[in-house]
Amino acid sequence: METPYPEPISPAKTRIGWIGVGVMGAAMASRLLSAGYFLTVYTRTPSKALSLQSKGAHLASSPLDVAKCSDVVFTMVGHPSDVRSVVLESQGKGVLAGLNPGGVIVDTTSSHPSLAREIFAAARTKGCWAVDSPVSGGDIGARDGKLAILAGGDEGVIKWLSPLFELLGKATYMGPAGCGQSCKIANQIVVGGNLLGLSEGLLFSEKAGLDVKKWMDAVRGGAAGSMVMELYGERMIERDFRPGGFAEYMVKDLGMGVDLVEESEDRRVPVLPGAALSKQLFAGMVANGDGHLGTQGLITVIERLNSK
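Take 3 as the starting number for the sequence shown in this note's numbering and just add one per residue.
Given below as structure tokens:
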């Protein structure tokens, strides 16, 4: 049986698969469930799926089983190695092995551009499609359907996915396969720099004897204001380091930008001193045992450097 592409997507017809139900994945999948889509999920830790099951999701035993009963399969896992395993490998039980012709894989993980191109090529050999569409906006954006969705792949397929993307946030077509992932790396370079600046600004304000909440309210409407400040400023002040995205993933994301030399066939290898510094500071969080804290926990590294 062929899957619907390019037939219009609708809750009555389109079957959705979802692999990876952590903080971000669970919130995003929940929005599709709430819109009436039939959802089949897979997670290595079945207890994480209980909330989605209570809303009507079905739990599958492997990525292969998800793909067999889905028209569109979303993945939101941790690392490029996880993406490769779930989609291409898994000992013959990966997504691509089970996807019907015309099916679409949508990887929302922050992964490597070269892997996105590899998956796209492998999907096309099966008559399927692959889209790399990492997201930005954290757990709040995922919960509220206000994510920035950075999409690479076939433009027609990405337009076809619009009914699903609109439930999650705003999608922007960035170019061919891999461009979504390159866009996310650039996004993380900016986010890392903003988190570092915010951490140092808060610490400096406190050391100067200012009321840090008043300081933030005073500057948030000026040039120092940012979405990072809106999402994480209060959390930093309140010492709320619950993760929207794990600090250890920032090490991975920034590393893909800093270490781009492995993808240097086109000789476009940028020098990124700020990203390299951000990566080292987030690596410091991991070394301190805080890799599973939210990225706003970067302030703890700056505090340690100041003997606080």
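Don't be surprised by glycine CBs; every beta carbon is placed ideally from N, CA and C.
For residue i, which residues from the same chain have a beta carbon less than 6 Å from its beta carbon, with the 5 sequence-adjacent residues on both sides left out?
{"i": "I11", "result": "P165"}
{"i": "T45", "result": "V23 and A51"}
{"i": "P272", "result": "none"}
{"i": "R237", "result": "Q298"}
{"i": "S113", "result": "P82, V85 and Q183"}
If I follow the unbroken beta strand (DSSP E) through residue i, where does it start and stop?
{"i": "F243", "result": "Unbroken run through F243: none, as it is neither H nor E."}
{"i": "Y39", "result": "Taken as a continuous stretch (DSSP letters only), Y39 belongs to no beta strand (DSSP E), as it is neither H nor E."}
{"i": "D134", "result": "W131 to D134"}
{"i": "D109", "result": "V106 to D109"}
{"i": "R17", "result": "R17 to I21"}
Let me check understanding here. Comparing Cα to Cα, which of the options lies closest to residue i?
{"i": "G105", "options": "Q55, S184, D84 and A69", "result": "A69"}
{"i": "H81", "options": "V89, V75 and V74", "result": "V89"}
{"i": "T110", "options": "F206, G27 and L98", "result": "G27"}
{"i": "G180", "options": "S135, L170 and S201", "result": "S135"}
{"i": "A277", "options": "M218, A125, K209 and Q190", "result": "Q190"}
{"i": "R145", "options": "L169, G257 and I239", "result": "L169"}
{"i": "L117", "options": "N102, M258 and D292", "result": "M258"}
{"i": "V133", "options": "Y175, P275, P103 and N102", "result": "Y175"}
{"i": "V260", "options": "A289, S112, A188 and S87", "result": "A188"}
Alpha carbon to alpha carbon, how far is residue j from residue i? Give it in angstroms, no decimals.
{"i": "V85", "j": "A220", "result": "43 Å"}
{"i": "P65", "j": "W20", "result": "9 Å"}
{"i": "D242", "j": "E120", "result": "39 Å"}
{"i": "S228", "j": "I304", "result": "20 Å"}
{"i": "K148", "j": "A29", "result": "11 Å"}
{"i": "F167", "j": "K254", "result": "25 Å"}
{"i": "G140", "j": "G246", "result": "5 Å"}
{"i": "M3", "j": "K186", "result": "Only weak support is given to the placement of M3: the predicted model assigns it a pLDDT of 47, under 50, and the question is left unresolved by the model."}
{"i": "G211", "j": "V192", "result": "29 Å"}
{"i": "S56", "j": "M78", "result": "20 Å"}
{"i": "A150", "j": "A173", "result": "6 Å"}
{"i": "M252", "j": "E91", "result": "25 Å"}
{"i": "W162", "j": "W217", "result": "45 Å"}
{"i": "D67", "j": "W131", "result": "18 Å"}
{"i": "P275", "j": "T302", "result": "21 Å"}
{"i": "N311", "j": "G96", "result": "The displayed coordinates of the chain run from 3 to 310. Any statement about residue 311 would go beyond what the structure contains."}
{"i": "L256", "j": "G158", "result": "30 Å"}
{"i": "Q93", "j": "D156", "result": "28 Å"}
Excluding the 5 residues flanking residue i on each side, which residues of the same chain have their C-beta closer than 7 Å to its C-beta?
{"i": "T47", "result": "none"}
{"i": "T16", "result": "P6, Y39, D73 and V74"}
{"i": "L198", "result": "S280, L283 and L300"}
{"i": "R244", "result": "G296"}
{"i": "L34", "result": "I18, L41, L166 and L169"}
{"i": "G293", "result": "F248, A249, E250 and M287"}
{"i": "G235", "result": "L200 and M218"}
Look at the Cβ atom of residue i, then the Cβ atom of residue j, and state whether they are nearer than 8 Å.
{"i": "F76", "j": "V108", "result": "yes"}
{"i": "M287", "j": "A249", "result": "yes"}
{"i": "V137", "j": "G171", "result": "yes"}
{"i": "L54", "j": "A31", "result": "yes"}
{"i": "I142", "j": "L233", "result": "yes"}
{"i": "L152", "j": "G182", "result": "yes"}
{"i": "L98", "j": "A123", "result": "no"}
{"i": "A37", "j": "P8", "result": "no"}
Between residue i and chain C, is there a C-beta pair that is closer than 8 Å?
{"i": "G154", "result": "Any reference to chain C falls outside this structure, which holds one protein chain only."}
Once you ignore the five residues that flank residue i on each side, which residues in its own chain have a CB closer than 8 Å to its CB?
{"i": "V230", "result": "V193, N196, L197 and L200"}
{"i": "G214", "result": "The sequence as given places Val at residue 214; Gly does not occur at that position. Once the five neighbours on either side are set aside, the close Cβ partners of V214 are L204, S207, E208 and I239."}
{"i": "S184", "result": "P115, G154 and M176"}
{"i": "S83", "result": "none"}
{"i": "S63", "result": "Y44"}
{"i": "A59", "result": "W20, A31, L35, L41, T42, V43 and A51"}
What span of residues does the alpha helix (DSSP H) with residue i cover, start to end?
{"i": "M287", "result": "P275 to A289"}
Going by the C-beta, is residue i closer than 7 Å to any heavy atom of the ligand GTP?
{"i": "I160", "result": "Only the bare structure without any ligand can be found here, which leaves the ligand GTP out of the picture."}
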